[in-house]
Amino acid sequence: MSEIDLAPLKPAIEKYIPMSRSGLLPALHAAQNIYGWISEPVATEIAKTLRVPLADVHGVIEFYSLFYNEPVGKKVIRVCTDPACGIKGSDDILRKLYKQHDAEPHQLNSKLNLTIEPSPCLGMCELAPAIWTMDDYNNSWTVNQDEANRPQSLVYGSIRELTKNCGNGETTYLDKYGKYEAFEKAKQMPQDKVIAEVKESGLVGRGGAAFPTGVKWEGAFKAEANQKYIIGNADESEPGTFKDRILLLDDPHSTIEGMCIAGYAIGASKGFIYVRGEYPYIVPVLEKALSEARDAGYLGKDFDIEVRVGAGAYICGEETALFESIEGKRGFPRVKPPFPTTHGLFSKPTVINNVETLCNVPLIISKGVAEYRKIGTEKSPGPKLFCVSGDVAKPGIYEVPFGVTLREVLEMAGGVANGKNLKSVLFGGAAGAFATSEHLDVKMTFEDLRSAGLPLGSGVVMVFDETRDMRDVLNRLGHFFAHESCGKCYPCQMGTQRQKEILHRISIGKVDSDDFVRLQDVGWTMTDASLCGLGQTAASAVLSAMKIWPELFEVKS
Amino acid sequence: MTIKLTLDNKEVTAEEGKTLLEVARENGGNVPVICYHDATTANALCRVCVVEVEGMRVLQPACIVKASEGMKVQTKSEKVVRSRKTILEMLNSTMDLSEADEIQHMMKDYAVQENRFPDAERRESEVKDDNPMYVRDYSKCLLCWRCVQVCAEDAQYTYAINFEGRGYETQIGTFFDKIIPETSCVLCGQCVGVCPTGALKPKRQFLLEQGVSPSEISVMNTGRKKRKERK
């Protein structure tokens, strides 16, 4: 192998020196943009430059799927194999690609300078099967083999509050977005009044945990510290979820304005937007929007926002794992308490909100609580985005008020595709639960869903028609969680693996008579004893499937 | 300040600030631990010390959760026992625990079913014998993290080892799998001292177990055929 020339690396990583360890992921990304992978001399140079121990640098490279410590092709093709893409033939696409290019999974074909690999969810479920092609070590996108600079945004629904600037085929930059009126209005109010408005609005987090946003803000506001942070969590990686991708790509200013208001409310001077590594095309859009906001005087004086890019790790959507990632570490979730509102990023009080949550904030402030609460129901106020994918006629994001039924959402989406009947809906995400036609009239509110045993999660509605083999879907979910477990706590580290092995066995018809009990024990152990939300929900969909279709897990007599 | 709480339906008192593990031990309770060690920062990652606390959605790790006034704690409820037993069964199907005495006892206590997961992929690894002080056999490693912790901020600030891979594929490793003499390791031996499973073992012990005699080991170490006599 030829010697690696370190000359282009030095100027590329110098700017990260002041960030020290926190500059590690940005420096590794910069190095990969030059070399395609991180070799030993490159890792050594980065370690020396940022003063991070060598073994730690290696540990970080090893943690993130999109960092490579072996050569990859100038062209890397990644095909999503998670459920929404799996049912649309992604395995066949992969097989054809391997054959056509005489390639092996994850192995560099040096003659063609090409690497092909299966990938976890790419956040393009409505455009399935999703394929991500990276050319010349740079991230560009190909959707369904068509050359396109950006994935299409398919936006539907019965209201246009959160999505008013989305679905126009282009980004709504500041000239069309207009002034940050909500932010201006918020600044005329005392900080605690802004927090009170958000509390009274009834807004709860839209990333999956549904924690009351105003309570989070209040905690960080009251915490005493010389520095506080706001984080926009755009690490959307839940299979079936793609709403944050559309919100950021089509309407970046709503999120930025939401963060400005949050920053003012809690007294933060710094914000970060953490974008998942699979959304590289969002980064330039965000950077442009941030620079517009700086020019307009909204950012830059008392408060500024920096974009950080993940590198292929679902776990980094977990708030404390995301802090670790920004700090330049492996994305291991921390034990809580202490909670982020007092000990978050760099151990400082931190508010971390999902993108959709942040987009609600300008709405609440500009409309006022009373108007905002007219949307939705009394106990579940506000608009909600549902990510509809799978076997429906019109997949896309659907904006509706809380309180519509699953049936209504499916009708808006044109019903089950090709006139087939409904088998089930994976509701809430990979960490959600299966619904069947019995659940079609459940109102989509927190309280109604809870009593129906369906978690709202990140708003996933993934539809499967009557012909689909649920064992295949479960096998893909099992694979996903095993791939994405961070490996820290034992129940999840080993439980996701054992769950994957059993689900695989079942998918190929080799079910063992004890598998039902094994899966239950593994599933409940992960649910009850795991350290973070990933492990606690890694068996959620499987356990729900075992209730609905117990026969799939039993030996046929 | 003294607080009152209920431990397995019995009212007990404890000093404020104590963990549930400490309180349980003070009251003769037997809460098992694997990753916990008095000399390292508790990370609550093995989860065998979990207990059921009334009002909490999920089980709580006793090693870090502090006792508080009025808390109602169950240390051996059905839920707790299922989790502990399943974790032990999964460990047993993952790595070689033959030299982990404490865990062997724990498995007996929880009536662990041998071969609970018949087709489980085990974590296998070659023995790494690359330095004069200790050998590393990661097929015995259960990822308690103690070695990484004492190599870093918990003791030595040497940072010779960290993690490779992720999830089930996680393993302890050096920078690009370098041999120990090519790392920052100072052969302090603290990692060997905190290893609970024999994955890290003094070289001398390793050789003795292989049937090498003490005098042969002496030759290896010093080049001398006979031990120097003490004056």
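From first to last, the protein sequence lines are chains A and B.
Sequential numbering of the first sequence, starting at 67, is according to this note's numbering.
Sequential numbering of the second sequence, starting at 16, is according to this note's numbering.
All C-beta atoms, glycine included, are put in the ideal place defined by N, C-alpha and C.
Environment of A/Gly376 [buried if 16+ CB atoms lie within 10 Å]: Buried, by the Cβ-count rule.
Three-state secondary structure (DSSP) of A/Val118: A/Val118 falls in the coil class under three-state DSSP.
A/Arg272 versus B/Tyr174 - alpha carbon distance: B/Tyr174 has its alpha-carbon roughly 39 Å from the corresponding atom of A/Arg272.
C-beta neighbour in chain B for A/Phe277, strict 7 Å: Answer no: the Cβ-Cβ gap between A/Phe277 and chain B never drops below 7 Å.
Residues near B/Cys78 in its chain [Cβ-Cβ closer than 7 Å; skip 5 each side]: Excluding the 5 residues flanking it on each side, B/Cys78 has same chain C-beta neighbours closer than 7 Å at Thr34, Leu36, Val48, Tyr51, Ala57, Ala59, Cys64, in chain order.
For A/His409 and A/Ser206, the rounded distance between their alpha carbons: Unreliable placement is indicated for A/Ser206, whose pLDDT of 45 sits below 50; the coordinate value is still reported in the next sentence. So the two alpha carbons sit approximately 37 Å from each other.
Cβ separation of A/Ile572 and A/Arg537, assumed to be a contact under 8 Å, to the nearest whole Å: The beta-carbon separation of A/Ile572 and A/Arg537, rounded to 5 Å, stays under the 8 Å limit for a contact.
Simplified DSSP assignment, three categories, for A/Gln211: For A/Gln211, the pLDDT reaches just 35, beneath the cut-off of 50, and the residue's location in the model is therefore unreliable, leaving the point undetermined.
Of the listed residues B/Thr109, B/Asp124, B/Ala115, nearest to B/Arg131 (C-alpha basis): It is B/Thr109.
Distance between A/Phe389 and A/Pro399 (C-alpha atoms, nearest Å): Straight-line Cα distance between these residues: approximately 9 Å.
Proximal residues of chain A, C-beta to C-beta of B/Lys94 below 7 Å: Ordered by position in chain A, the residues that pass the 7 Å Cβ test against B/Lys94 are Asp594.
Reduced DSSP category for A/Gly258 - H, G, I as helix; E, B as strand; rest coil: The question names Gly, but residue 258 of chain A is Asp in the sequence shown. If DSSP states are grouped into helix, strand and coil, A/Asp258 belongs with the helices.
As assigned by DSSP and simplified to three states, the class of B/Arg40: The answer is helix: DSSP assigns B/Arg40 an H, G or I state.
Contacts that B/Glu136 makes with chain A (C-beta to C-beta distance below 8 Å): Ordered by position in chain A, the residues that pass the 8 Å Cβ test against B/Glu136 are Gln563, Glu567.
Alpha-carbon to alpha-carbon, B/Val88 and A/Ala661: Residue 661 of chain A is absent from the structure shown; chain A starts at 67 and stops at 623.
First through last residue of the alpha helix (DSSP H) which encompasses A/Gly601: Boundaries of the alpha helix (DSSP H) harbouring A/Gly601: 599-603, taken from the DSSP string.
Spatial neighbours of A/Ala497 in its chain, beta-carbon cut-off 8 Å, leaving aside the 5 residues before and after: Answer for A/Ala497: Gly274, Glu304, Pro521, Gly523, Gly599, Leu600, Thr603, Ala604, Ser606, Ala607, listed in chain order.
Minimum C-alpha distance to A/Gly235 - residue among A/Ala150, A/Ile312, A/Asp580: Nearest C-alpha to A/Gly235: A/Ile312.
Validate contact between the region 376-385 of chain A and the region 544-557 of chain A using beta carbons, cut 8 Å, 3 pairs: They touch, by the three-pair rule.
7 Å Cβ cutoff, A/Ser551 in contact with chain B: Answer yes: the Cβ-Cβ gap between A/Ser551 and chain B drops below 7 Å somewhere.
Beta strand (DSSP E) runs contained entirely in the region 216-276 of chain A, provided each spans 3 or more residues: Counting only unbroken stretches of 3 or more residues, the beta strand (DSSP E) elements lying wholly within the region 216-276 of chain A are 221-223, in sequence order.
A/Pro557 at chain B interface by Cβ criterion, 7 Å: Closer than 7 Å to some Cβ of chain B, the Cβ of A/Pro557 qualifies, so yes.
Inter-residue CB distance, A/Met528 and A/Gly456 (contact presumed, cutoff 8 Å): A/Met528 to A/Gly456, Cβ: 4 Å. Contact.
Pairwise C-alpha distance: A/Asp157 and A/Asp212: For A/Asp212, the pLDDT reaches just 37, beneath the cut-off of 50, and the residue's location in the model is therefore unreliable, leaving the point undetermined.
B/Lys81 - DSSP class collapsed to helix/strand/coil: B/Lys81 falls in the strand class under three-state DSSP.
Pairwise C-alpha distance: A/Leu94 and A/Ser596: Going by the C-alpha atoms only, they are around 30 Å apart.
is_contact[B/Ser98, chain A] using C-beta, thresh 7 Å: It does: the Cβ of B/Ser98 has a partner Cβ on chain A nearer than 7 Å.
Buried versus exposed, by CB contacts within 10 Å (16 or more), A/Ala362: It counts as exposed.
Chain-ordered neighbours of B/Arg151 on chain A, where CB pairs are closer than 8 Å: Ordered by position in chain A, no residue passes the 8 Å Cβ test against B/Arg151, which lies about 14 Å from the chain.
Contact with chain B by A/Thr533, beta-carbon distance below 7 Å: Not a single C-beta of chain B is nearer than 7 Å to the C-beta of A/Thr533.
Residue nearest to A/Ala501 in terms of C-alpha spacing, selected from A/Asn484, A/Leu476, A/Lys486, A/Gly485: Taking only the C-alpha atoms, the option nearest A/Ala501 is A/Leu476.
Burial state of B/Tyr230 (16 or more Cβ within 10 Å): This sequence places Ser at residue 230 of chain B; Tyr is not what is there. Counting Cβ neighbours within 10 Å, B/Ser230 comes out exposed, since fewer than 16 surround it.
Status (buried if at least 16 other CB within 10 Å, exposed otherwise) for A/Phe308: A/Phe308 comes out buried.
Distance CB(B/Ala39)-CB(B/Thr90) smaller than 7 Å: Result yes, Cβ atoms of B/Ala39 and B/Thr90 sit closer than 7 Å.
Three-state class that DSSP yields for A/Lys165 in the structure shown: Correct three-state label for A/Lys165: helix.
Inter-stretch contact (C-beta, 8 Å, three-pair minimum) for the region 190-202 of chain B and the region 89-105 of chain B: The region 190-202 of chain B vs the region 89-105 of chain B: no contact.
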